[in-house]
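Okay, structure first, notes after.
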Amino acid sequence: MASPSSTARVPRSAARGRHPGSATREQGPGAPRPGSRVRRQLPTSPWLFAAPGILVVGVFILYPFVSTLVNAFTDRRTLMPGEYVGLANFRELLHDEMFWTGLRNSTLYVLGVVPALVLLPLLLALLVQKNIPGITFFRSAFYTPVVASIVVVGLIWVWLLDERGLVNALLEAIGVGKVGFLSDQWLLLLSAMAVTVWRGLGYYMIIYLAALANVPRELHEAAQVDGAGAVRRFFTVTVPAVRSTMVLVAALSSVSAFKVFSEVYLMAGPDGGPAGEDTTLVMLVQRTGTGLTGRVGYASAISVVVFLVTVVLMLLVLRADRKEET
Amino acid sequence: MPIPRRALVAAAVALVLPLSACGSGDDSGGSTDASGKIEGDITFQTWNLRANFKPYFEGVIADFEKKYPGTHVKWIDQPAEGYADKISADAAGGTLPDVVNVSPDLVAPLAKAGLALDLDKSAAQYKKEYLDGAWASHQIPGMNGTYAFPWYLNTGPLFYNKSLFKEAGLDASKPPTTYDELFTEALQLAKKSDGKVATLANVPTIEDFGRYGVELMNKQGTGFAFNDAKGVELLTKYKELYDAKALDPQALTATPESSGKKFLTGAVAMNPGSALDLGNFKKQAPNLYRNIGITDQITSTGKVNMYVMGVMVNARTKHTPAAVAFAHYVTDAQNQMSFAKKVAIFPSTAGSLDDPYFTKEDGTDETRVRIAAAKSLKNAVNYTPVLFSEQMKTALRNEVAKALQGKESPKAALDNAVKASDRLLQQQG
Numbered sequence: 110m111a112s113p114s115s116t117a118r119v120p121r122s123a124a125r126g127r128h129p130g131s132a133t134r135e136q137g138p139g140a141p142r143p144g145s146r147v148r149r150q151l152p153t154s155p156w157l158f159a160a161p162g163i164l165v166v167g168v169f170i171l172y173p174f175v176s177t178l179v180n181a182f183t184d185r186r187t188l189m190p191g192e193y194v195g196l197a198n199f200r201e202l203l204h205d206e207m208f209w210t211g212l213r214n215s216t217l218y219v220l221g222v223v224p225a226l227v228l229l230p231l232l233l234a235l236l237v238q239k240n241i242p243g244i245t246f247f248r249s250a251f252y253t254p255v256v257a258s259i260v261v262v263g264l265i266w267v268w269l270l271d272e273r274g275l276v277n278a279l280l281e282a283i284g285v286g287k288v289g290f291l292s293d294q295w296l297l298l299l300s301a302m303a304v305t306v307w308r309g310l311g312y313y314m315i316i317y318l319a320a321l322a323n324v325p326r327e328l329h330e331a332a333q334v335d336g337a338g339a340v341r342r343f344f345t346v347t348v349p350a351v352r353s354t355m356v357l358v359a360a361l362s363s364v365s366a367f368k369v370f371s372e373v374y375l376m377a378g379p380d381g382g383p384a385g386e387d388t389t390l391v392m393l394v395q396r397t398g399t400g401l402t403g404r405v406g407y408a409s410a411i412s413v414v415v416f417l418v419t420v421v422l423m424l425l426v427l428r429a430d431r432k433e434e435t
Numbered sequence: 410m411p412i413p414r415r416a417l418v419a420a421a422v423a424l425v426l427p428l429s430a431c432g433s434g435d436d437s438g439g440s441t442d443a444s445g446k447i448e449g450d451i452t453f454q455t456w457n458l459r460a461n462f463k464p465y466f467e468g469v470i471a472d473f474e475k476k477y478p479g480t481h482v483k484w485i486d487q488p489a490e491g492y493a494d495k496i497s498a499d500a501a502g503g504t505l506p507d508v509v510n511v512s513p514d515l516v517a518p519l520a521k522a523g524l525a526l527d528l529d530k531s532a533a534q535y536k537k538e539y540l541d542g543a544w545a546s547h548q549i550p551g552m553n554g555t556y557a558f559p560w561y562l563n564t565g566p567l568f569y570n571k572s573l574f575k576e577a578g579l580d581a582s583k584p585p586t587t588y589d590e591l592f593t594e595a596l597q598l599a600k601k602s603d604g605k606v607a608t609l610a611n612v613p614t615i616e617d618f619g620r621y622g623v624e625l626m627n628k629q630g631t632g633f634a635f636n637d638a639k640g641v642e643l644l645t646k647y648k649e650l651y652d653a654k655a656l657d658p659q660a661l662t663a664t665p666e667s668s669g670k671k672f673l674t675g676a677v678a679m680n681p682g683s684a685l686d687l688g689n690f691k692k693q694a695p696n697l698y699r700n701i702g703i704t705d706q707i708t709s710t711g712k713v714n715m716y717v718m719g720v721m722v723n724a725r726t727k728h729t730p731a732a733v734a735f736a737h738y739v740t741d742a743q744n745q746m747s748f749a750k751k752v753a754i755f756p757s758t759a760g761s762l763d764d765p766y767f768t769k770e771d772g773t774d775e776t777r778v779r780i781a782a783a784k785s786l787k788n789a790v791n792y793t794p795v796l797f798s799e800q801m802k803t804a805l806r807n808e809v810a811k812a813l814q815g816k817e818s819p820k821a822a823l824d825n826a827v828k829a830s831d832r833l834l835q836q837q838g
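Chains A and B are the protein sequences, given in the same order. Take any residue in the first sequence, note its place counting from 1, add 109, and you have its number in the numbering used here. Take any residue in the second sequence, note its place counting from 1, add 409, and you have its number in the numbering used here.
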């Protein structure tokens, strides 16, 4: 078999036994002559096929993105067209206590949620991977939170964790006493993280199930013959085999964890918990930029920071993966 | 393949378009002259009223169209949740309806953006039909003019759980009426119930500061002033309540829905509401309904808080005479009285509150609540400053929460809240 580098140097047509210049002649008598009208129209076709996609991306992604970038340098308000203010919004961010609170909480969310979402769904996938009777029920059950509405899920958890809810009733019954899951700043954040992890388990479990299906059974059998136990096989066979999937899960979950909104909003309320101490960056964007007196320019500046941090997170994950490979 | 020129042009347009957002807005608008012929198609937007009052509004619209042939009113209703966001999206997109149901705090930014018609110029002849205070409620400090017709007024009663009061050794027939009485009784209730029953479920709002007698803004209306000694005194008292669990521990994250639920379950002894809540208590908490007490809002000024709804005319409407005529029609004495008989609201038109419907007892709880509310409305005050935006409310709630948690002194918390509100006020322009 030729090495990839050797085939790369040879033109594909030549590799197939054709002369590079004979391509048009070989297309037969019906082929258009160079410079003909039909030939000039050909490049338009791919653009026409791609037009709907380009339009959607342009209107719903590119335009809002560029618009946000531009607004970040203005003092635009909801009903007032803004003026260019340079870096004033970014300078204000540095002195905005709530921005640093949001940055802290979003970062803590990544640190708390990502390791759990990388590891726990893998363990869950290993459990439900086995073909035993009734396993389909468990696979579906674990996936149910993913398809459930976040609002419904959030409200159920609020009822459960309320001072007079089921969890506190159980804790009181065993003598622990009431715990302020929804009134303590840190417990609120932890509770929201728990809901995010619980909701994400099923989704990432499916991704891991697909990856585990590609791990050759022989590797496990060989390791077993060599005397490796279940834990050892997990670290020496399973983890290396699904490492690229783990990186993917880490990248996906870190981006969504940094942009968390719904869970914290539903559990901590629109103010972001007591004194706004559980506010995340995306909640701050929503609170600052919406409403009739919304500061669109300032909210856009926060969005730009969220975007930059997200890009950095992705790069860090990819870099860690590359380092691991070398 | 070279990039086609058209693609380059498209990309350039995509990049340049957002820059146009920095330019001046579209100033093309409708006429302020409402004296022309009343005709044309107009749109009327209400705030979460279709579900319960569809026949009423359809009747009002049909009567108006009959009175003014050549007019057509399209009625749209928006849910309560996110109403301000819907209006702001419509206003920013140039699709604001011709006639809009608003509250004074929603009118302020719309008037500043030139989107609310000045009724002192276009409909001054109707001013005498309304209560003076109600007409003035849609005037914006720093601007000349009135920017919405006053519509219905409300002042919710305060409900209390008589059995919880009795269990704490309090006289259930004499509920607190001033803040001083409230603080004393709340501390006793918390002590007797060993911290299991709180009296209040919400942190103090700007209206509480107003009812306590705190000056909310300076005389010129250019800055906030609720961090004076009286304001600090109120917050210090609330801190005492919070520490004694007389203020619910979850009050810092409470919403009106969550505090209503706590009142239903007997975790909280007092809760503000409206006459509509009585039916809810009857259905969901019959035991509470049997023990329900109804009293006026707590106030140390002798004047309760009044909520005002208004009907604004879009300054850019293409049919100013029809839009002004319809906004007036919906809010005139006859229609307001008719609406008040369908739901527990109170007309803002002069003399309407003297109608026997608001003065004569018939022995039912609903009538008792209605008469008490109508009586207190006669000298009620809309304590919420019209310039006090949602962002300012959030800033105040956050600082109050810090003070209650002991992270800041009440004085420092209110100083910070005033500072943040003043900064937001300046940024509003």
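Idealized CB from N, CA, C, for every residue including glycine.
Is the distance from the Cβ of residue i to the Cβ of residue j below 8 Å?
i	j	result
B:Thr-726	B:Ile-451	yes
B:Ile-615	B:Lys-802	yes
B:Lys-605	B:Glu-576	no
A:Ala-181	A:Gly-406	yes
A:Val-351	A:Leu-318	no
B:Val-677	B:Leu-609	yes
B:Ala-599	B:Ala-557	no
B:Ala-782	B:Phe-755	yes
A:Met-376	A:Ala-301	yes
A:Ser-412	A:Thr-177	yes
Taking the continuous alpha helix (DSSP H) assigned at residue i, which residues delimit it?
i	result
A:His-204	197-204
B:Leu-873	Residue numbering for chain B in the displayed model covers 410 to 838; residue 873 of chain B lies beyond these limits and cannot be assessed.
B:Thr-586	Counting along the chain, B:Thr-586 falls outside any alpha helix (DSSP H), and DSSP gives it neither H nor E.
B:Lys-654	Taken as a continuous stretch (DSSP letters only), B:Lys-654 belongs to no alpha helix (DSSP H), as it is neither H nor E.
A:Val-261	259-270
Report back the beta-carbon spacing between residue i and residue j to the nearest angstrom; my notes put them in contact at under 8 Å.
i	j	result
B:Asn-723	B:Ala-732	7 Å
B:Tyr-588	B:Phe-748	With a Cβ gap of about 33 Å, B:Tyr-588 and B:Phe-748 do not count as contacting.
B:Lys-820	B:Val-641	5 Å
A:Thr-214	A:Thr-389	At residue 214 of chain A the sequence reads Asn, which differs from the Thr that was named. Between A:Thr-389 and A:Asn-214 the Cβ distance is about 5 Å, and since that is below 8 Å, they are a contact.
A:Arg-200	A:Val-262	Not confirmed; about 39 Å, so no contact.
B:Glu-538	B:Ala-742	7 Å
A:Leu-310	A:Phe-251	6 Å
B:Pro-559	B:Thr-740	7 Å
Using a threshold of 7 Å, is the CB atom of residue i nearer than that to any non-hydrogen atom of the ligand SAM?
i	result
A:Thr-153	No copy of the ligand SAM appears in this structure; indeed no ligand is present at all.
Does residue i get closer than 8 Å to chain B when you measure Cβ to Cβ?
i	result
A:Pro-383	yes
A:Leu-188	yes
A:Ala-377	yes
A:Glu-201	no
A:Leu-292	Position check: residue 292 of chain A holds Ser in this sequence, whereas Leu was assumed. Taking Cβ atoms only, chain B reaches closer than 8 Å to A:Ser-292, which makes this a yes.
A:Arg-213	no
A:Arg-308	no
A:Glu-272	yes
A:Asp-430	no
A:Thr-389	no
A:Leu-401	yes
Counting only beta-carbon atoms, is residue i nearer than 8 Å to chain A?
i	result
B:Gln-659	yes
B:Arg-620	no
B:Gln-835	no
Hey, quick one: how far does the beta strand (DSSP E) through residue i stretch, first residue to last?
i	result
B:Leu-524	Neither: B:Leu-524 is in no beta strand (DSSP E) and is coded neither H nor E.
B:Gln-629	Unbroken run through B:Gln-629: none, as it is neither H nor E.
B:Leu-567	567-570
B:Asn-563	558-563
B:Phe-453	449-456
B:His-481	480-487
B:Asn-680	679-681
B:Gly-719	716-722
- Message: Quick check: the stretch 509-528 of chain B against the stretch 466-474 of chain B, are at least 3 beta-carbon pairs closer than 8 Å?
- Response: No: fewer than three Cβ pairs fall under 8 Å.
- Pairing CB atoms from the stretch 226-246 of chain A with CB atoms from the stretch 385-405 of chain A, are three or more of them under 8 Å? Contact between the stretch 226-246 of chain A and the stretch 385-405 of chain A is absent, with fewer than three C-beta pairs closer than 8 Å.
- Message: Could you check whether the stretch 350-368 of chain A touches the stretch 187-194 of chain A, counting it as contact only if at least three pairs of C-beta atoms, one from each stretch, sit closer than 8 Å?
- Response: When Cβ pairs closer than 8 Å are counted between the two stretches, the stretch 350-368 of chain A is seen not to touch the stretch 187-194 of chain A, the count staying below three.
- Query: Contact between the stretch 208-222 of chain A and the stretch 330-346 of chain A: three or more CB pairs below 8 Å?
  - Reply: The way I'd put it, the stretch 208-222 of chain A doesn't touch the stretch 330-346 of chain A; fewer than three beta-carbon pairs between them come closer than 8 Å.
- Message: Does the structure place the stretch 564-578 of chain B close enough to the stretch 531-546 of chain B that three or more beta carbon pairs sit under 8 Å?
- Response: Contact between the stretch 531-546 of chain B and the stretch 564-578 of chain B is absent, because fewer than three Cβ pairs lie under 8 Å.
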